[in-house]
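Residue numbers (my numbering): 15 to 283.
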Amino acid sequence: RSRAVMETGGSKKVLFKDVAGLQEEKEELEEVVDFLKNPNMYTSLGARIPKGILLVGPPGTGKTLLAKAVAGEAGVPFFSISGSNFVEMFVGVGASRVRDLFEQAKRNAPCIIFIDEIDAVARRRGTGLGGGHDEREQTLNQMLVEMDGFGVNEGIIVMAATNRVDILDPAILRPGRFDRKVAVGRPDVKGREEILKVHTKNKPLGSDVNLRRVAQTTAGFTGADLENLMNEAAINAAKSKQGYISQRDIEQSFVKVGIGAEKHSKVIS
Ligand code: ATP
Numbered sequence: 015r016s017r018a019v020m021e022t023g024g025s026k027k028v029l030f031k032d033v034a035g036l037q038e039e040k041e042e043l044e045e046v047v048d049f050l051k052n053p054n055m056y057t058s059l060g061a062r063i064p065k066g067i068l069l070v071g072p073p074g075t076g077k078t079l080l081a082k083a084v085a086g087e088a089g090v091p092f093f094s095i096s097g098s099n100f101v102e103m104f105v106g107v108g109a110s111r112v113r114d115l116f117e118q119a120k121r122n123a124p125c126i127i128f129i130d131e132i133d134a135v136a137r138r139r140g141t142g143l144g145g146g147h148d149e150r151e152q153t154l155n156q157m158l159v160e161m162d163g164f165g166v167n168e169g170i171i172v173m174a175a176t177n178r179v180d181i182l183d184p185a186i187l188r189p190g191r192f193d194r195k196v197a198v199g200r201p202d203v204k205g206r207e208e209i210l211k212v213h214t215k216n217k218p219l220g221s222d223v224n225l226r227r228v229a230q231t232t233a234g235f236t237g238a239d240l241e242n243l244m245n246e247a248a249i250n251a252a253k254s255k256q257g258y259i260s261q262r263d264i265e266q267s268f269v270k271v272g273i274g275a276e277k278h279s280k281v282i283s
């Protein structure tokens with residue numbers, strides 16, 4: 015019924031090995047995987063697993079990928095929606111979507127609910143710039159009602175992503191709601207090399223390609239930037255009809271992607 019809710023089936027299953035360089039983050043989420051696989055074990059020992067986990071970090075650092083990997087590792091369904099999809103023009107639509115989402119999750123527990131851009135809904139109340147204000151508050155209130163409404167060990171874990179934890183309504187961070195935060199940072203040089211390895215796995219590389227060197231020259235790049243870089247390099251290589259990606263193809267792609275492109279246009283203007 016609610017078109018915004020998407021269940022990603024088993025065909026495109028993401029695993030922790032597909033998430034490169036976020037070792038600590040993966041370790042923190044390991045217990046969530048374990049809980050989803052075997053909620054009864056936790057319940058019988060009186061252990062309480064957090065209901066809500068907030069992934070905090072800049073865009074493109076792998077928050078969505080990480081949430082999908084938790085579902086993939088546990089072998090449970092993944093229901094995802096973006097916070098910006100909740101906030102509709104008509105009052106009441108957002109709240110009913112929240113209701114639908116949780117209903118669907120309850121029928122399919124154990125499972126993961128993933129809310130991307132939660133700040134679009136859960137911005138601190140009273141900071142709206144006019145329109146859509148009531149609608150957002152209603153949606154947020156419904157989300158709080160739903161989160162309070164299911165039991166701790168019902169087998170539903172709500173994961174949400176934001177890059178603006180500072181603007182979130184403190185109500186969503188209370189115990190029993192999103193009371194656990196996992197910081198997802200930009201990758202360091204080693205992380206970047208690992209991400210480059212993941213994204214060149216099925217790309218033929220020339221013998222001159224040195225991924226460590228690429229990692230060293232991409233400080234500040236996110237996983238999404240690196241994926242983009244290697245894709246541009248593959249396009250460059252295809253144009254030159256050489257059948258493999260050379261170090262030069264990679265270097266020429268720098269200007270096209272993210273940070274490189276930004277710097278370039280600043281120099282020009
Ligand atoms: P946003 O906040 O913009 O939604 P995000 O943090 O959720 O961003 P993802 O959507 O998970 O980022 O990442 C985008 C893409 O970048 C991924 O599909 C993946 O291809 C690549 N990527 C990002 N981080 C990693 C990583 N750590 N390992 C491998 N690939 C990554």
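Here a beta-carbon is modelled for each residue, glycine too, at the ideal position from N, C-alpha and C.
Query - Distance between beta carbons of residue 249 and residue 220, contact taken as under 8 angstroms - result: Taking the first residue of the sequence shown as 1, we reach residue 220 at position 206. Taking the first residue of the sequence shown as 1, we reach residue 249 at position 235. Incorrect: roughly 15 angstroms between the Cβ atoms, too far for contact.
Report task. Compare the C-alpha of residue 265 against each of 240, 255, 257 and name the closest. Result -> Working through the sequence shown from its first residue, we reach residue 265 at position 251. Of 240, 255, 257, the residue nearest in Cα terms is 240.
Query - Opening and closing residue of the alpha helix (DSSP H) in which residue 120 lies - result: Translated into the one-based positions of the sequence shown, residue 120 becomes position 106. Per DSSP, residue 120 belongs to the alpha helix (DSSP H) from 107-121.
Requested in this report: Would you tell me roughly how many angstroms separate the C-alpha atoms of residue 203 and residue 196, rounded to the nearest one?
Outcome: Stepping through the sequence shown from its first residue, residue 203 is reached at position 189. Stepping through the sequence shown from its first residue, residue 196 is reached at position 182. Cα to Cα, residue 203 sits roughly 21 angstroms from residue 196.
Query raised in the report: Where does residue 161 land, buried or exposed, given buried means 16+ other C-beta within 10 angstroms?
Result: The sequence position of residue 161 within the sequence shown is 147, counting from 1. The residue in question, residue 161, is buried, as its Cβ has 16 or more Cβ neighbours within 10 Å.
Query - Same chain, Cβ closer than 7 angstroms to residue 107, neighbours up to 5 away in sequence not counted - result: Counting from 1 along the sequence shown, the entry for residue 107 is found at position 93. Closer than 7 angstroms at Cβ, skipping near neighbours: no residue.
Query raised in the report: Considering only the beta carbon of each residue, do residue 84 and residue 112 sit closer than 8 angstroms?
Result: As a working mapping, residue 84 is identified with position 70 in the sequence shown. As a working mapping, residue 112 is identified with position 98 in the sequence shown. Not in contact: residue 84 and residue 112 (Cβ atoms no closer than 8 angstroms).
Report task. In angstroms with no decimal places, state the Cα-to-Cα distance between residue 75 and residue 64. Result -> For the purposes of this step, residue 75 is identified with residue 61 of the sequence shown, where counting begins at 1. For the purposes of this step, residue 64 is identified with residue 50 of the sequence shown, where counting begins at 1. Cα to Cα, residue 75 sits roughly 23 angstroms from residue 64.
Query raised in the report: Mind checking residue 145: buried by the 16 CB within 10 Å criterion, or exposed?
Result: In the sequence shown, the residue the question calls residue 145 occupies position 131. Confidence at residue 145 is low in this model, with a pLDDT of 49, below 50, so the placement of that residue is unreliable and no value is reported for it.
Requested in this report: Return yes when at least one heavy atom of the ligand ADP lies under 7 angstroms from the C-beta of residue 180, else no.
Outcome: Of the ligands this structure carries, namely the ligand ATP, none is the ligand ADP.
Requested in this report: Just the C-alpha distance for residue 255 and residue 263, rounded to the nearest angstrom, thanks.
Outcome: Position 241 of the sequence shown holds residue 255. Position 249 of the sequence shown holds residue 263. Whole-angstrom Cα-Cα distance: 12 angstroms.
**Report entry** For residue 174, the nearest candidate out of 167, 168, 187 (CA to CA)
**Finding:** Counted from its first residue, the sequence shown places residue 174 at position 160. Per the Cα distances, 187.
Query raised in the report: Which residues in the same chain have their Cβ closer than 6 angstroms to the Cβ of residue 27, if we skip the five residues on either side of it in sequence?
Result: Here residue 27 refers to the residue found at position 13 of the sequence shown. Answer for residue 27: 86, listed in chain order.
Query - 8 angstroms contact criterion, which residue 164 and residue 170 should meet: CB distance rounded - result: Numbered from 1 along the sequence shown, position 150 holds the residue referred to as residue 164. Numbered from 1 along the sequence shown, position 156 holds the residue referred to as residue 170. At roughly 6 angstroms, the Cβ-Cβ gap stays under 8 angstroms, so residue 164 and residue 170 are in contact.
Requested in this report: Measure the C-alpha to C-alpha separation of residue 190 and residue 60 and round it to an integer number of angstroms.
Outcome: As a position in the sequence shown, residue 190 is number 176, starting the count at 1. As a position in the sequence shown, residue 60 is number 46, starting the count at 1. Their Cα atoms are separated by approximately 15 angstroms.
Query - Of the residues 225, 167, 116, 243, the one placed nearest residue 94, counting alpha carbons only - result: Residue mapping note: residue 94 aligns to position 80 of the sequence shown, counting from 1. Checked all of 225, 167, 116, 243; the closest Cα to residue 94 is 116.
Requested in this report: State the DSSP-derived secondary structure class of residue 66, mapped to helix, strand or coil.
Outcome: Translated into positions along the sequence shown, residue 66 becomes position 52. Strand at residue 66.
**Report entry** Alpha-carbon to alpha-carbon, residue 152 and residue 33
**Finding:** Within the sequence shown, the letter at position 19 stands for residue 33. Within the sequence shown, the letter at position 138 stands for residue 152. Each residue's alpha carbon lies about 35 angstroms from the other.
Query raised in the report: In or out: residue 137 buried (at least 16 other Cβ within 10 Å) or exposed?
Result: Position 123 of the sequence shown, counted from the start, is the residue given in the question as residue 137. Burial call: buried.
Report task. Could you tell me the distance, in whole angstroms, from the CA atom of residue 216 to the CA atom of residue 199? Result -> In the sequence shown, the residue the question calls residue 216 occupies position 202. In the sequence shown, the residue the question calls residue 199 occupies position 185. Each residue's Cα considered, the two are about 26 angstroms apart.
Query raised in the report: Leaving out five residues before and five after residue 51 in sequence, what residues of the same chain have Cβ atoms less than 6 angstroms from its Cβ?
Result: On the sequence shown, residue 51 is found 37 positions in, with the first residue counted as 1. Around residue 51: 88.
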